[in-house]
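Numbering (full-length UniProt numbering), first residue to last: 1 to 231.
Notes to accompany the following structure.
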């Protein structure tokens, strides 16, 4: 595959080539699930629209399924009486804890599509959760999706171009949407004007646009790319 003709705009063929190469690269790595940043990478084509979907687990909310053990000791008002016959079993919300500990982990999906207007990759984000704890609201976005260090940046039309809630262009449901208005400018700046293959373009795009929303390129994939360049 030839290098992308322009860092400002991708053709359909260049975008499809980049997505296919990324899936093949990730599958070839065989990263152990215990250390993998992503749980799956796949190409979907509903209604003829190509979507690269990257999925990872979303950490469980800390307040779910956690029980604070009260320390005991002399003078602690929470200590049980010294009477041996007064031992009372600690009552916990066992049913709730069991449901939380055995429920499937919520998943966050990153759908990457080629914008028909800007001709650059565009990111749509949604969370899949059997317990419906993460509605598509700005509160969910800033609490569970965006890295705390990036909150101020994403509230303005900065490098990310701003994040809003919009309808998914294929699935027609509300999702988080990273606006691509500054993507071409960012890609041109960080590339240094060098030529790159579609796969390298996509990795660089993920690194630039995805980090603040929890989408990071696995280090194994970066190392694999550098190894290919050195051959």
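Even for Gly, the Cβ is constructed at its ideal location relative to N, Cα and C.
Environment of residue i [buried if 16+ CB atoms lie within 10 Å]
i, result
"residue 114", "buried"
"residue 19", "buried"
"residue 17", "buried"
"residue 67", "Low confidence applies to residue 67: its pLDDT is 37, below 50, so where it sits in the model is not reliable enough to give any reading."
"residue 10", "buried"
"residue 131", "exposed"
"residue 2", "exposed"
"residue 200", "buried"
"residue 35", "exposed"
"residue 138", "exposed"
"residue 151", "exposed"
"residue 122", "buried"
"residue 154", "buried"
Close Cβ partners of residue i (< 8 Å) along its chain, the five nearest in sequence each way excluded
i, result
"residue 107", "39, 55, 56, 57, 58, 127, 128, 129"
"residue 41", "22, 23, 26, 27, 52, 53, 54, 55"
"residue 95", "For residue 95, the pLDDT reaches just 46, beneath the cut-off of 50, and the residue's location in the model is therefore unreliable, although a value from the coordinates is still provided. The answer is none, since no qualifying residue turns up."
"residue 204", "187, 190, 191, 196"
"residue 109", "53, 54, 55, 125, 126, 127, 128"
"residue 103", "130, 131"
"residue 116", "none"
Cβ-based neighbour list, residue i, same chain, cut-off 7 Å, excluding 5 preceding and 5 following
i, result
"residue 216", "37, 210"
"residue 12", "114"
"residue 142", "151"
"residue 194", "none"
"residue 206", "215, 217"
Same chain, Cβ closer than 6 Å to residue i, neighbours up to 5 away in sequence not counted
i, result
"residue 124", "111, 168, 175, 177"
"residue 173", "none"
"residue 51", "44, 111, 113"
"residue 118", "180"
"residue 164", "177"
"residue 183", "120"
"residue 15", "114"
"residue 218", "37"
"residue 202", "18, 22"
"residue 140", "134"
"residue 162", "179"
"residue 49", "170"
"residue 105", "57"
Cβ-Cβ separation, residue j to residue i (assumed contact under 8 Å), whole Å
i, j, result
"residue 7", "residue 187", "5 Å"
"residue 222", "residue 145", "Not confirmed; about 23 Å, so no contact."
"residue 4", "residue 148", "Not quite, the Cβ-Cβ distance comes to about 34 Å (not below 8 Å), so this is no contact."
"residue 190", "residue 208", "6 Å"
"residue 185", "residue 29", "The Cβ separation is near 31 Å, so there is no contact."
"residue 170", "residue 46", "5 Å"
Min CB distance residue i to chain D below 7 Å
i, result
"residue 202", "Annotation note: the requested chain D is absent from the structure, which comprises a single protein chain."
- [ ] Starting from the N-terminal side, write out each stretch of the beta strand (DSSP E) that is 3 residues or longer and does not extend beyond the segment 19-64.
- [x] 40-44, 51-57
- [ ] Report the residue ranges of all beta strand (DSSP E) runs contained in full by the segment 95-171; include only those spanning at least 3 residues, in chain order.
- [x] Those beta strand (DSSP E) runs which fall completely within the segment 95-171 and span 3+ residues are 107-114, 121-128, 163-167.
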